[in-house]
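Residue numbers (my numbering): 129 to 842. Beta carbons: idealized from backbone N, C-alpha and C, even for Gly. Nothing here was measured: the structure is a model prediction, and the numbers come from that model. Heads up, the thing below is written out as structure tokens.
Below, the structure written as structure tokens:
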């Protein structure tokens with residue numbers, strides 16, 4: 129028997145050409161059609177799925193079939209399998225350009241058109257046809273009754289004329305339950321055609337149906353799970369294909385993968401976000417043997433640990449991307465990100481953010497590697513990444529409770545609990561206890577700098593307060609410790625998870641752009657104590673003044689938001705067609721906009737007001753941070769013409785104090801692409817041979833003065 133589903137995913141999507149030829153979509157088979165059906169108490173006749181099979185002895189009922197929950201029209205007795213058939217008429221085969229089966233099922237199925245298998249769900253693709261009593265490898269929940277769209281299974285264009293015929297056709301499906309004692313079973317199937325003329329021979333599509341995409345301007349990430357469900361542990365092995373034809377180029381579904389073509393192991397990740405239908409995923413790139421495969425996904429440095437973040441409650445879609453972009457401009461490291469569009473098993477999932485996972489790596493958190501043999505001396509003292517977070521359901525093995533303050537929980541992150549030796553876990557816990565004991569002491573103001581890297585403290589505080597996200601200083605509060613030979617201090621960061629920042633929350637704390645967030649959220653008593661030290665406040669004020677002239681200038685941030693929105697705008701409509709949540713409350717929205725533009729405008733207005741409030745209410749005094757010897761009165765200017773630049777541009781730098789300036793050019797991921805020294809009161813001709821077309825940023829530093837801006841390479 130021919131099994132179209134056994135064809136490779138790439139072969140399948142390579143036939144999705146001609147989307148533009150579809151005039152409209154119509155549904156030929158609905159879930160609630162009249163179906164003949166048979167319970168799987170024994171093996172059915174071998175030709176049960178053929179169009180010529182006589183099913184007159186079978187029962188008849190309205191689909192779907194199940195046990196009487198919210199998605200069943202015909203109630204059946206508990207069974208391991210169900211065989212169902214329905215017929216439909218094809219009026220004009222030449223008018224059918226596309227065909228898709230959309231399946232909402234519990235727990236597995238195999239589908240046939242006129243006797244030929246063309247789709248299966250939750251059964252391995254290369255396995256034989258399941259027997260009547262065969263149990264699928266995992267359970268699978270239906271979701272249409274709960275607002276989750278069915279999975280889509282496409283018929284390759286070249287197979288339409290062989291699978292379908294003018295006149296009567298039969299769609300036959302066998303549905304399998306995970307256990308006969310299962311409390312539910314679901315069997316809702318829809319067959320929909322893309323029609324290439326203005327004829328109307330079938331039914332209107334369901335309200336939730338949306339046409340498939342022909343292409344995207346964002347990188348396209350496609351994942352094929354081969355009949356498995358992606359779950360929250362354990363990871364499953366899947367195939368991933370990434371198509372990225374470069375900035376300004378379209379990425380068609382018919383294009384071969386240009387960014388990645390190989391294995392991954394993937395799972396659902398997140399805490400509260402797991403309740404959203406648009407899941408977040410963590411995955412590792414692997415070779416054919418299941419070993420880690422470091423790979424430079426979407427232009428980011430090669431690694432094997434990655435995250436696909438799906439903005440859902442954040443209907444601007446850019447809060448995390450914006451925050452990490454700000455972080456990379458302020459701090460030694462913040463996760464690099466790329467917008468993309470995700471398709472899983474031919475099911476379009478919307479706009480996602482490909483992100484680096486926090487881990488030790490020369491291109492990520494650049495600290496020494498902690499090896500199993502590092503059990504004494506200097507080697508034991510560093511290489512730890514950990515976080516203040518919620519405990520693991522009161523199981524303390526993943527970390528420890530602080531004996532101080534409100535007894536917050538510190539969790540091992542990288543290396544994790546299982547990869548740390550007992551002596552290493554004891555060392556980190558003891559060192560943190562010593563630090564907190566010092567902070568508890570009456571003379572802490574004279575000792576805190578022996579333990580804590582203050583530059584990281586100041587920057588971590590400022591970006592969390594700027595974004596005012598509800599989990600600041602209490603959840604996913606990452607820290608790392610260097611070896612004693614490299615200072616041995618505690619560094620705060622990297623930053624993480626701003627999806628509920630910028631007023632996107634309606635509980636516990638005040639979402640308006642006024643007031644500090646740390647008194648409401650902080651679980652670390654030592655953070656509150658440090659923020660009452662005048663010297664610390666002055667460092668914060670000084671750094672704020674510096675950043676407001678560059679990275680955190682209002683115009684810089686507004687321009688960056690506009691650039692991100694412009695990048696994703698061609699895909700926004702499709703995202704919100706897939707997830708119809710505009711003008712609806714999604715936990716924990718404080719503001720609900722009717723359109724994506726309203727969501728973006730609210731974010732910009734809120735951030736502008738937040739910057740103004742922080743200007744007017746900043747802790748400390750910046751004058752106390754700057755020696756009078758460091759203050760250089762100057763006329764300081766920089767001009768770049770032309771900008772945008774094609775073949776060359778002239779940089780003109782003017783400064784009354786005569787000192788040269790260092791010019792650094794960054795790409796949109798924070799990577800340095802060029803460093804130049806420019807003499808004062810001179811013009812420098814720059815030929816951008818080392819960079820490709822795109823948006824870049826520059827920073828000009830001369831003495832204590834700094835300017836920054838944007839340049840565009842054509």
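Residue of the options minimising C-alpha distance to residue i
| i | options | result |
| --- | --- | --- |
| residue 678 | 500, 454, 646 | 454 |
| residue 333 | 155, 811, 526, 742 | 155 |
| residue 411 | 432, 405, 402 | 432 |
| residue 364 | 629, 252, 425, 437 | 252 |
| residue 197 | 264, 314, 578, 267 | 314 |
| residue 792 | 818, 825, 776, 808 | 825 |
| residue 382 | 348, 674, 181 | 348 |
| residue 845 | 260, 225, 488 | Because the chain spans 129 through 842 in this model, residue 845 falls outside it and cannot be assessed. |
| residue 376 | 820, 839, 831 | 820 |
| residue 505 | 663, 626, 611 | 611 |
| residue 547 | 499, 535, 589 | 499 |
| residue 393 | 213, 413, 387, 405 | 413 |
Cβ distance (whole Å) where residue i is taken to contact residue j below 8 Å
| i | j | result |
| --- | --- | --- |
| residue 280 | residue 161 | In fact, because the Cβ distance is near 19 Å, the residues do not count as touching under 8 Å. |
| residue 667 | residue 773 | Actually they do not touch by this definition, with Cβ atoms about 38 Å apart. |
| residue 227 | residue 288 | 6 Å |
| residue 179 | residue 296 | 7 Å |
| residue 450 | residue 692 | 6 Å |
| residue 618 | residue 581 | 7 Å |
Rounded separation between residue i and residue j - CA only
| i | j | result |
| --- | --- | --- |
| residue 683 | residue 390 | 42 Å |
| residue 761 | residue 345 | Only weak support exists for where residue 761 lies, its pLDDT of 44 falling under 50; the value from the coordinates is given anyway. Between residue 761 and residue 345, the C-alpha separation is close to 47 Å. |
| residue 309 | residue 639 | 47 Å |
| residue 836 | residue 330 | 60 Å |
| residue 539 | residue 401 | 20 Å |
| residue 723 | residue 444 | 9 Å |
| residue 528 | residue 545 | 11 Å |
| residue 283 | residue 827 | 52 Å |
| residue 737 | residue 743 | 10 Å |
| residue 146 | residue 247 | Residue placement at residue 146 is poorly supported in this model, since its pLDDT is 37, which falls under 50; the coordinates still yield a value, given next. Looking at the two C-alpha atoms, the distance is approximately 22 Å. |
| residue 316 | residue 192 | 5 Å |
| residue 560 | residue 608 | 11 Å |
| residue 859 | residue 696 | No information on residue 859 is available, as it lies outside the stretch 129 to 842 that the chain covers here. |
| residue 600 | residue 809 | 45 Å |
| residue 356 | residue 243 | 24 Å |
| residue 713 | residue 351 | 30 Å |
Residue i, buried or exposed, once every other Cβ within 10 Å from all chains shown has been counted against 16
| i | result |
| --- | --- |
| residue 650 | buried |
| residue 715 | exposed |
| residue 230 | buried |
| residue 779 | buried |
| residue 613 | exposed |
| residue 490 | exposed |
| residue 203 | exposed |
| residue 841 | buried |
| residue 403 | exposed |
| residue 652 | buried |
| residue 221 | exposed |
| residue 514 | buried |
| residue 448 | buried |
| residue 149 | exposed |
| residue 362 | exposed |
| residue 452 | buried |
| residue 806 | buried |
| residue 635 | exposed |
| residue 595 | buried |
| residue 471 | buried |
Three-state secondary structure (DSSP) of residue i
| i | result |
| --- | --- |
| residue 268 | coil |
| residue 597 | coil |
| residue 477 | strand |
| residue 582 | helix |
| residue 248 | strand |
| residue 567 | helix |
| residue 661 | coil |
| residue 740 | helix |
| residue 377 | coil |
| residue 590 | helix |
| residue 648 | helix |
| residue 624 | coil |
| residue 572 | helix |
| residue 704 | helix |
Chain D contact for residue i (CB, 8 Å cutoff)
| i | result |
| --- | --- |
| residue 519 | Absence of chain D from the displayed structure is noted, only one protein chain being present. |
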